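Chemist:
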Ligand SMILES: [Zn+2]
């Protein structure tokens, strides 16, 4: 006699073995899950999709409800330190201006010669 089990989702009856039923590790009478393999897979797929949608929606609705907060959390640091950051950038640039310019020049030169080389090869 084959022992069978009825799926709680699709209500199909399958032989009770690993081919048809995902194994459940704990809290199970027969060692298998209540959903057949097919339904379990479908459920986990749907769960994943739902979760993804819910997460996206949650953030969107949160942002809609708290536009100020969303803006704040995104640009808080920048806004707060804008002046300082700009100044620091400027200072850094002034300090390393020559090096930056040399780098750019070098980069362009290299690019140009490499492009020329490539062109020649072609
Ligand atoms: Zn099923």
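Numbering (my numbering), first residue to last: 9 to 130. Backbone N, C-alpha and C fix where the C-beta goes; we use that ideal spot for every residue, glycine too. Nothing here was measured: the structure is a model prediction, and the numbers come from that model.
#1: So, helix, strand or coil for residue 75, using DSSP?
#2: Using a threshold of 7 Å, is the CB atom of residue 90 nearer than that to any non-hydrogen atom of ligand 1?
#3: Residue 123: buried (16+ other C-beta within 10 angstroms of its C-beta) or exposed?
#4: Quick check on the DSSP output: the beta strand (DSSP E) that includes residue 43 runs from which residue to which?
#5: Measuring from each Cβ to the nearest heavy atom of ligand 1, keep the ones under 5 Å and list them in chain order.
#6: By the three-class DSSP mapping on this structure, what secondary structure does residue 31 have?
#7: According to DSSP, residue 13 sits in a beta bridge with which residue or residues?
Modeler: Taking the structure as given:
#1: Along the chain shown, read from residue 1 onward, the residue named residue 75 stands at position 67. The answer is helix: DSSP assigns residue 75 an H, G or I state.
#2: Counting from 1 along the chain shown, the entry for residue 90 is found at position 82. No, Cβ of residue 90 sits at least 7 Å from all heavy atoms of ligand 1.
#3: Sequence index remark: in the chain shown, residue 123 carries index 115 (1-based). By the 10 Å Cβ count, residue 123 comes out exposed.
#4: Within the chain shown, numbered from 1, the residue matching residue 43 stands at position 35. Element bounds for residue 43: n/a, residue is neither H nor E.
#5: 15, 17, 18, 44, 47
#6: Start at 1 with the first residue of the chain shown, and residue 31 comes out as number 23. Strand.
#7: The residue you call residue 13 lines up with position 5 of the chain shown. According to DSSP, which records beta bridges pairwise, residue 13 is partnered with 22.
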